[in-house]
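Asks: In the working numbering, the protein residues as written are 111 to 448. Backbone N, C-alpha and C define an ideal beta-carbon position, used for all residues, glycine too.
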Amino acid sequence: MAPADGDITQYFGKVPAKGKKKAAKKVDNHLIEEEKAFKENEKNIGAGEQDEDLDTPYGAAKVSHMKFVSFNVNGIRAALKKGIRYYVKKEQPDIIAFQETKIHSTKIHEIPLDHTNSLIDGYKVEWLSADRPGYSGVAIAYKEELDGKLTFKRRIGLDHAMDTEGRVMTVLGPGFALVACYTPNSGSKDSSTGWPARLDERVETWDVSFRNYVNSLREEGRVVLVTGDLNVAHEEIDIKNPKTNTKSAGFTPRERESFTALLDSGFIDTFRALYPKKVRYTWWSFRTNARARNIGWRLDYFLVDKEHEMTVVDSFVRSSVKGSDHCPVGCLVNMTKV
Numbered sequence: 111m112a113p114a115d116g117d118i119t120q121y122f123g124k125v126p127a128k129g130k131k132k133a134a135k136k137v138d139n140h141l142i143e144e145e146k147a148f149k150e151n152e153k154n155i156g157a158g159e160q161d162e163d164l165d166t167p168y169g170a171a172k173v174s175h176m177k178f179v180s181f182n183v184n185g186i187r188a189a190l191k192k193g194i195r196y197y198v199k200k201e202q203p204d205i206i207a208f209q210e211t212k213i214h215s216t217k218i219h220e221i222p223l224d225h226t227n228s229l230i231d232g233y234k235v236e237w238l239s240a241d242r243p244g245y246s247g248v249a250i251a252y253k254e255e256l257d258g259k260l261t262f263k264r265r266i267g268l269d270h271a272m273d274t275e276g277r278v279m280t281v282l283g284p285g286f287a288l289v290a291c292y293t294p295n296s297g298s299k300d301s302s303t304g305w306p307a308r309l310d311e312r313v314e315t316w317d318v319s320f321r322n323y324v325n326s327l328r329e330e331g332r333v334v335l336v337t338g339d340l341n342v343a344h345e346e347i348d349i350k351n352p353k354t355n356t357k358s359a360g361f362t363p364r365e366r367e368s369f370t371a372l373l374d375s376g377f378i379d380t381f382r383a384l385y386p387k388k389v390r391y392t393w394w395s396f397r398t399n400a401r402a403r404n405i406g407w408r409l410d411y412f413l414v415d416k417e418h419e420m421t422v423v424d425s426f427v428r429s430s431v432k433g434s435d436h437c438p439v440g441c442l443v444n445m446t447k448v
């Protein structure tokens with residue numbers, strides 16, 4: 111039985127004893143196809159998809175560090191078919207947050223599993239689905255050795271429909287809090303105003319409540335990391351065509367000012383702090399071959415509270431990783447400095 115939405119429950123979907131051979135064969139077949147897709151994607155790297163100047167290599171972090179990753183997968187089932195299971199095996203993050211999983215809690219048990227009957231070998235997974243089927247949703251996968259050391263909180267306590275859309279999950283661990291967020295998009299332009307239709311709700315309701323929520327976590331003295339698809343390109347360096355997008359959702363003055371307010375409240379954009387002049391994007395439209403031409407936006411972030419800025423070893427963007435219209439971003443944290 112699939113877990114009810116909101117339960118603090120892992121679901122892996124064990125293969126039933128009856129018909130076990132048939133199920134195992136099916137697992138093998140889809141894994142072969144997934145690995146093939148992953149390898150094919152690695153071969154076909156375009157101009158905007160280079161992982162140049164990598165300070166953080168692929169593979170497990172050393173003992174004193176923790177590697178956190180975030181990835182908007184634009185549908186977990188579709189992304190699995192494109193090989194993201196094999197990306198996680200290559201990256202070996204301690205914790206990876208997925209956004210836009212687009213799967214309801216009643217359908218999680220239908221996800222094809224790997225040869226260990228897990229979503230990802232060596233990881234356990236927590237889910238938060240939207241009330242609306244096939245929409246939004248977040249999940250967090252963590253290494254099995256962290257089992258029993260983590261506490262999960264769902265949503266931000268906002269009395270608004272946006273908080274039923276599977277937007278935020280928080281992980282509380284030894285010395286850290288990780289807030290994984292899929293920020294609401296401000297929507298298509300309203301023909302009567304020329305501005306995104308959901309802009310007021312996004313900036314005045316969601317952003318304010320989210321800012322208050324993440325700041326409340328700082329009171330506990332942990333390293334507070336905020337990650338995910340935050341649906342804003344903060345500065346002109348974060349978008350390929352700033353001049354023509356000032357009224358586009360994700361780059362309106364109000365959204366950018368609201369993100370500045372979040373930073374001013376006590377957070378650091380880790381990538382921009384470490385690489386103030388580096389142009390890296392994390393999202394490319396599927397239209398017009400945008401990714402190969404590197405016409406993108408930086409919408410995915412790792413923020414850290416100002417008190418723990420020095421714990422951050424690196425912040426990175428995996429531009430070469432495909433499987434979605436976004437790419438993964440990550441943050442390496444020295445836990446001995448906590």
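#1: Is it buried or exposed, Gly331, if we count other Cβ atoms within 10 angstroms and call 16 or more buried?
#2: Once DSSP output is grouped into helix, strand and coil, what is the label at Asn444?
#3: Measure how close the beta-carbons of Leu413 and Thr380 come, nearest whole angstrom, since I'm counting them as under 8 angstroms.
#4: Please go through the stretch 356–441 and give each complete alpha helix (DSSP H) segment of 4 or more residues, from N-terminal end onward.
#5: Considering only residues of the same chain and omitting the five flanking positions on each side of Pro438, which have a CB-CB separation below 6 angstroms?
#6: Looking at the strands, I want to know which residues DSSP matches up with Ala251.
#7: Could you check what DSSP says for His219 in three-state terms: helix, strand or coil?
#8: Apart from the five residues just before and just after Ile205, which ones in its own chain have a Cβ nearer than 6 angstroms to its Cβ?
#9: Short check: CB of Asp435 to CB of Phe396, under 8 angstroms?
#10: Can you tell me where the alpha helix (DSSP H) with Arg265 in it begins and where it stops?
#11: Assign Ala359 to buried or exposed, taking buried as 16 or more other Cβ atoms, counted over all protein chains shown, within 10 Å of its Cβ.
#12: So, at 6 angstroms on beta carbons, what are the nonlocal neighbours of Ser296 in its own chain, with the 5 sequence-adjacent residues on each side left out?
#13: Apart from the five residues on each side of it in sequence, which residues of its chain come closer than 6 angstroms, Cβ to Cβ, to Ile230?
#14: How would you write the range of the beta strand (DSSP E) that Ala290 sits in, first residue to last?
#15: So who's on the other strand from His54, going by DSSP bridges?
#16: With a CB to CB cut of under 8 angstroms and the five nearest residues on each side skipped, what residues in its chain are close to Lys272?
#17: Who are the Cβ neighbours of Val448 in its own chain at under 8 angstroms, not counting the five residues just before and after it?
#18: Grouping DSSP H, G and I as helix and E and B as strand, with all else coil, what is Val278?
#19: Between which two residues does the beta strand (DSSP E) harbouring Leu335 extend?
#20: Once the 5 residues before and after Ala240 are set aside, which same chain residues still bring their CB inside 6 angstroms of it?
#21: Using DSSP's beta-bridge definition, name the partner residues of Gly283.
#22: Is the beta carbon of Gly169 sitting closer than 8 angstroms to the one on Gln209?
#23: Can you tell which of Leu268, Val281, Leu335, Gly244 has the C-alpha that lies nearest to the C-alpha of Phe262?
#24: Measuring only the C-alpha atoms, how far is Leu190 from Gly244?
#25: From Gly304 to Leu238, what does the alpha carbon distance come to, in whole angstroms?
Replies: Taking the coordinates as given:
#1: As a first step, residue 331 is located in the sequence shown; it is residue number 221 there, counting from the start. The residue is exposed, with fewer than 16 neighbouring Cβ atoms inside 10 Å.
#2: Within the sequence shown, the letter at position 334 stands for residue 444. Looking at Asn444 - three-state DSSP - the assignment turns out to be strand.
#3: Numbered from its first residue, the sequence shown carries residue 413 at position 303. Numbered from its first residue, the sequence shown carries residue 380 at position 270. Contact flag correct, Cβ pair sits at about 7 angstroms.
#4: 363–374, 380–384
#5: Position 328 of the sequence shown, counted from the first residue, corresponds to residue 438. Counting only Cβ-Cβ distances below 6 angstroms, and skipping sequence neighbours, we find Val179, Phe181, Arg428, Val431.
#6: Taking the sequence shown and counting its residues from 1, one reaches residue 251 at position 141. Per DSSP, the beta bridge partners of Ala251 are Ile206, Val235.
#7: On the sequence shown, residue 219 is found 109 positions in, with the first residue counted as 1. Annotated three-state conformation of His219 is helix, per DSSP.
#8: By 1-based counting over the sequence shown, the position of residue 205 is 95. Cβ neighbours of Ile205 beyond the five flanking positions: Phe178, Tyr252.
#9: For the purposes of this step, residue 435 is identified with residue 325 of the sequence shown, where counting begins at 1. For the purposes of this step, residue 396 is identified with residue 286 of the sequence shown, where counting begins at 1. When the beta-carbon positions are compared, Asp435 and Phe396 come within less than 8 angstroms of each other.
#10: Here residue 265 refers to the residue found at position 155 of the sequence shown. Element bounds for Arg265: n/a, residue is neither H nor E.
#11: As a first step, residue 359 must be located in the sequence shown, where it is residue number 249. Flag for Ala359 reads buried.
#12: Counted from its first residue, the sequence shown places residue 296 at position 186. Cβ neighbours of Ser296 beyond the five flanking positions: Pro306, Arg308, Leu309, Arg312, Ala359.
#13: Within the sequence shown, the letter at position 120 stands for residue 230. Excluding sequence neighbours, Ile230 sits near Arg195, Val198, Ala251.
#14: Walking along the sequence shown from the start, residue 290 turns up at place 180. Here the beta strand (DSSP E) through Ala290 covers 286–292.
#15: Past the edges of the chain, shown from 111 to 448, lies residue 54, and the structure says nothing about it.
#16: For this step, residue 272 is matched to residue 162 along the sequence shown. A quick correction: the sequence has Met, not Lys, at residue 272. Cβ within range, chain order: Pro294, Glu311, Thr315, Trp316.
#17: One-based indexing of the sequence shown puts residue 448 at position 338. If we look at Val448 and ignore the five residues flanking it on each side, its Cβ neighbours are Gly285, Phe286, Arg332, Val333, His418, Thr421.
#18: In the sequence shown, counting from the first residue as 1, residue 278 sits at position 168. It is a strand residue.
#19: Against the sequence shown, residue 335 aligns to sequence position 225. In the DSSP assignment, Leu335 falls within the beta strand (DSSP E) that extends over 333–339.
#20: Here residue 240 refers to the residue found at position 130 of the sequence shown. Around Ala240: Ser246, Gly247, Glu275, Gly276.
#21: For the purposes of this step, residue 283 is taken as the residue at position 173 of the sequence shown. Bridge partners of Gly283: Phe286.
#22: The sequence position of residue 169 within the sequence shown is 59, counting from 1. The sequence position of residue 209 within the sequence shown is 99, counting from 1. The answer is no: Cβ separation not under 8 angstroms.
#23: The residue you call residue 262 lines up with position 152 of the sequence shown. Answer by Cα proximity: Val281.
#24: Your numbering for residue 190 matches position 80 in the sequence shown. Your numbering for residue 244 matches position 134 in the sequence shown. Cα to Cα, Leu190 sits roughly 16 angstroms from Gly244.
#25: Translated into the one-based positions of the sequence shown, residue 304 becomes position 194. Translated into the one-based positions of the sequence shown, residue 238 becomes position 128. Separation of Gly304 and Leu238 (C-alpha to C-alpha, rounded to the nearest whole angstrom) is 33 angstroms.
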